[in-house]
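S.K.: Protein chains in written order, with the working numbering: chain D, 2 to 213; chain X, 2 to 158.
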Amino acid sequence: MVDQSDWRNGVHLDKNAADMLREVGNIGAAHAATALSEMLRQKVTMEVPWVEFIPFDDVTEILGGPEQVVACVYLRMLGEVTGSIFFIQTVPIAKQLMSLLELSKDALAPFSDMEVSALGEIGNIMAASYLGSLSDLTHLTMFPSVPLVAVDMAQAVLNVGLQQDNPIGNYALIIHTSIHHHLASEDAHLFLLPDPGTQEALVRALGIEGLA
Amino acid sequence: MMHKVGMAEAKVAGAGDSLRTLGLGSCVGVALYDPIVKIGGLLHVMLPASGGKTELPAKYVDTGLPYVIHLMKDAGAQTRHIIAKLAGGAQMFALTTGSDIVRVGPRNVEAVSQWLQEAGIPIVATDVGGSIGRTVELFTETGAFSIRTAQFGERFL
């Protein structure tokens with residue numbers, strides 16, 4: 002059993018656990034790529050080069066610092082494991098995805114209502130695909146709420162994940178994702194932050210216990 | 002010299018130094034200032050109520066404000082001279098259902114305002130609410146409180 006202090010000190014993923022989580026990510030990514038290809042009406046492929054657990058407070062470092070402006074889709078994770086899900090891209094990368102939809106002509110203009118709505122839908126596809134794959138593996142029901150979108154400083158948007166009074170140093174599962182389409186290959190990130198109280202169920206179902 | 006104040010932290014400075022905290026969303030940055038001794042305190046508070054928790058006092062409004070005022074008094078400030086400026090408390094994600102989780106920003110601002118009012122500390126300026134992230138810095142030489150946003154640049158309170 003993983004006690005709270007172990008979890009807070011860091012979950013060291015051994016190779017098997019990391020491979021398994023990456024495989025869950027790749028299955029989810031394949032589903033997401035199919036859905037995204039339909040939405041964008043062109044071939045999109047996706048892969049998950051790696052996954053990791055890091056303290057949620059350090060997540061902004063991956064994104065370029067607390068003040069880095071990012072395009073963020075926020076969804077609640079509902080079901081037997083509850084929590085927060087963030088699908089985050091840098092603004093130029095989000096704009097490039099929008100250009101595939103022929104929504105964005107100006108990479109510097111603020112996001113239009115149509116773009117915000119499209120971003121939300123893309124985040125929804127990503128979250129639903131990944132949670133579906135994670136549900137299959139763990140036999141725990143997990144599904145996303147409706148997506149909410151914000152474009153602003155990384156720390157300001159991520160803070161919504163701490164409003165459940167998560168302990169400081171709580172860990173987030175980060176699924177690094179590469180999205181390939183005819184214009185470019187892009188990096189996006191999916192963050193899962195389980196609520197306090199349900200994270201143990203997820204860790205146990207994943208068989209990560211006892212790996213420290 | 003600039004001192005960084007992290008999430009759920011409070012720090013006090015004087016001698017012309019400044020205190021800065023980055024990327025306030027629903028969190029509130031409470032700048033407290035004693036203009037007589039030029040000592041400032043900055044609190045980056047995340048949630049309205051501690052519910053009796055004592056670790057990380059600066060995380061919650063009801064424990065964070067007494068904590069930062071205590072630090073300021075230790076540094077030579079007097080409660081009756083202290084004035085307050087507030088920034089943050091945004092609702093980063095616009096939502097129609099109005100669930101509690103997205104409204105924590107306004108609830109934080111309300112809790113801070115009420116606590117300060119009861120303590121007799123005047124709030125002289127605010128830049129709160131909306132749906133924008135803010136980086137703030139308190140300059141102890143003048144008591145000026147800078148607010149920086151991604152969209153609108155910098156302004157001073």
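Glycine included, every Cβ here is placed at the ideal spot set by N, Cα and C.
What are the uninterrupted segments assigned as beta strand (DSSP E) that are 3 or more residues long and contained completely in the segment 100–139 of chain X, given in chain order?
M.R.: 124–129
S.K.: Can you list, in chain order, the residues of its chain with a C-beta nearer than 6 Å to that of D:L22? Leave out the 5 residues immediately preceding and following it.
M.R.: For the purposes of this step, residue 22 of chain D is taken as residue 21 along the first sequence, with counting starting at 1. Closer than 6 Å at the Cβ level, and outside the excluded window around D:L22, lie V52.
S.K.: Please identify the residue among X:V38, X:C28, X:K60 whose C-alpha is closest to the C-alpha of X:E142.
M.R.: Residue mapping note: residue 142 of chain X aligns to position 141 of the second sequence, counting from 1. Ranking X:V38, X:C28, X:K60 by Cα distance to X:E142 puts X:V38 first.
S.K.: Less than 7 Å between CB atoms is the rule here; does D:A157 satisfy it with respect to chain X?
M.R.: Against the first sequence, residue 157 of chain D aligns to sequence position 156. Among the residues facing chain X, D:A157 is included, as its CB has a counterpart in that chain under 7 Å away.
S.K.: Taking C-alpha atoms, which residue in D:G29, D:K44, D:S100, D:L41 lies nearest to D:P50?
M.R.: Translated into positions along the first sequence, residue 50 of chain D becomes position 49. When each option's Cα is compared against that of D:P50, the closest is D:G29.
S.K.: For D:D166, does the three-state DSSP call read helix, strand or coil?
M.R.: Numbered from 1 along the first sequence, position 165 holds the residue referred to as residue 166 of chain D. Here D:D166 sits in coil by DSSP.
S.K.: If we count the other Cβ atoms within 10 Å of its Cβ and call it buried at 16 or more, is X:H45 buried or exposed?
M.R.: Start at 1 with the first residue of the second sequence, and residue 45 of chain X comes out as number 44. With 16 or more other Cβ atoms within 10 Å, it is buried.
S.K.: Using a C-beta to C-beta distance shorter than 7 Å, which residues of chain D count as neighbours of X:S27?
M.R.: In the second sequence, counting from the first residue as 1, residue 27 of chain X sits at position 26. Those within 7 Å of X:S27 in chain D are N160, V161, Q164.
S.K.: With DSSP run on the structure shown, which of helix, strand or coil describes X:G65?
M.R.: If you number the second sequence from 1, residue 65 of chain X lands on position 64. Note: X:G65 maps to helix in three-state DSSP.
S.K.: Shortest alpha-carbon distance to X:L57 belongs to which of D:N167, D:S186, D:F192?
M.R.: Taking the first residue of the second sequence as 1, we reach residue 57 of chain X at position 56. The option with the nearest alpha carbon to X:L57 is D:N167.
S.K.: Against chain X, which members of the segment 111–122 of chain D pass a CB distance test of less than 7 Å?
M.R.: none
S.K.: Among all the DSSP beta bridges, which residues are the ones paired with D:V74?
M.R.: Taking the first residue of the first sequence as 1, we reach residue 74 of chain D at position 73. Under the DSSP definition of a beta bridge, D:V74 partners with D:F88, D:V150.
S.K.: When you compare the CB of X:F146 with every CB in chain D, is at least one pair closer than 7 Å?
M.R.: Within the second sequence, residue 146 of chain X is the residue found at index 145, counting from 1. Residue contact with chain D for X:F146: absent (no Cβ-Cβ distance below 7 Å to any residue of chain D).
S.K.: When you compare only the Cα positions, how much space is there between D:P195 and X:M2?
M.R.: As a first step, residue 195 of chain D must be located in the first sequence, where it is residue number 194. As a first step, residue 2 of chain X must be located in the second sequence, where it is residue number 1. Going from the Cα of D:P195 to the Cα of X:M2 covers about 38 Å.
S.K.: Please state whether the Cβ-Cβ distance between X:G106 and X:A91 is less than 7 Å.
M.R.: Here residue 106 of chain X is taken as the residue at index 105 of the second sequence, counted from 1. Here residue 91 of chain X is taken as the residue at index 90 of the second sequence, counted from 1. Yes, the Cβ-Cβ distance between X:G106 and X:A91 is below 7 Å.
S.K.: What alpha helix (DSSP H) runs, 4 residues minimum, are completely inside the segment 27–101 of chain X?
M.R.: 62–75
S.K.: Counting Cβ pairs, one atom from each stretch, are 3 or more of them under 8 Å apart for the segment 114–132 of chain D and the segment 96–104 of chain D?
M.R.: yes
S.K.: Give every residue of the same chain whose Cβ lies closer than 8 Å to the Cβ of X:A88, excluding the five residues on either side of it in the sequence, and list them in chain order.
M.R.: Sequence index remark: in the second sequence, residue 88 of chain X carries index 87 (1-based). Excluding sequence neighbours, X:A88 sits near L25, V29, G30, A32, T127, D128, V129, R135, V137, F146, I148, L158.
S.K.: At a Cβ cut of 8 Å, what residues of the segment 12–42 of chain X count as close to chain D, listed as they run along the chain?
M.R.: L23, G24, L25, G26, S27, C28
S.K.: For X:L48, which residues in chain D fall below 9 Å Cβ to Cβ?
M.R.: For this step, residue 48 of chain X is matched to residue 47 along the second sequence. By Cβ distance, chain D contributes L163, Q164, D166.
S.K.: Hey, how far is the Cα of D:R77 from the Cα of D:S38?
M.R.: Walking along the first sequence from the start, residue 77 of chain D turns up at place 76. Walking along the first sequence from the start, residue 38 of chain D turns up at place 37. So the alpha carbons of these two residues sit roughly 24 Å apart.
S.K.: Three or more beta-carbon pairs under 8 Å between the segment 185–202 of chain D and the segment 79–90 of chain D, yes or no?
M.R.: yes
S.K.: Who are the Cβ neighbours of X:V6 in its own chain at under 7 Å, not counting the five residues just before and after it?
M.R.: Mapped onto the second sequence, residue 6 of chain X falls at position 5. Counting only Cβ-Cβ distances below 7 Å, and skipping sequence neighbours, we find K12, L20, R21, T22, L43, H45.
S.K.: State the CB to CB distance for the pair D:I94 and D:C73, rounded to an integer number of angstroms; the pair is presumed to be in contact (CB under 8 Å).
M.R.: Within the first sequence, the letter at position 93 stands for residue 94 of chain D. Within the first sequence, the letter at position 72 stands for residue 73 of chain D. Actually they do not touch by this definition, with Cβ atoms about 12 Å apart.
S.K.: Return the residue from the list D:S179, D:F192, D:R205 that minimises the CA-CA distance to D:D58.
M.R.: Position 57 of the first sequence, counted from the first residue, corresponds to residue 58 of chain D. When only C-alpha atoms are compared, the closest one is D:F192.
S.K.: Quick check on this structure: which residue in D:Q164, D:G80, D:M127, D:V45 has the alpha carbon closest to the alpha carbon of D:I175?
M.R.: For the purposes of this step, residue 175 of chain D is identified with residue 174 of the first sequence, where counting begins at 1. Out of D:Q164, D:G80, D:M127, D:V45, D:M127 has the C-alpha closest to the C-alpha of D:I175.
S.K.: Between X:G41 and X:G144, how many whole angstroms is the CB-CB distance? I'm expecting something under 8 Å.
M.R.: As a first step, residue 41 of chain X is located in the second sequence; it is residue number 40 there, counting from the start. As a first step, residue 144 of chain X is located in the second sequence; it is residue number 143 there, counting from the start. With 8 Å as the limit, X:G41 and X:G144 qualify as a contact, their Cβ atoms being about 7 Å apart.
S.K.: Would you say D:P67 lies against chain X (beta-carbon separation less than 7 Å)?
M.R.: Locating residue 67 of chain D in the first sequence gives position 66, where the first residue counts as 1. Closer than 7 Å: yes.
S.K.: For X:V105, return the contacting residues in chain D, with the cut-off set at a CB-CB distance below 7 Å.
M.R.: Here the question's residue 105 of chain X lines up with position 104 in the second sequence. By Cβ distance, chain D contributes Q164.
S.K.: Kindly list, in the order they appear in chain X, the residues whose Cβ is closer than 8 Å to that of D:A95.
M.R.: Residue mapping note: residue 95 of chain D aligns to position 94 of the first sequence, counting from 1. Per Cβ cutoff of 8 Å: no residues; D:A95 is ~14 Å from chain X at best.
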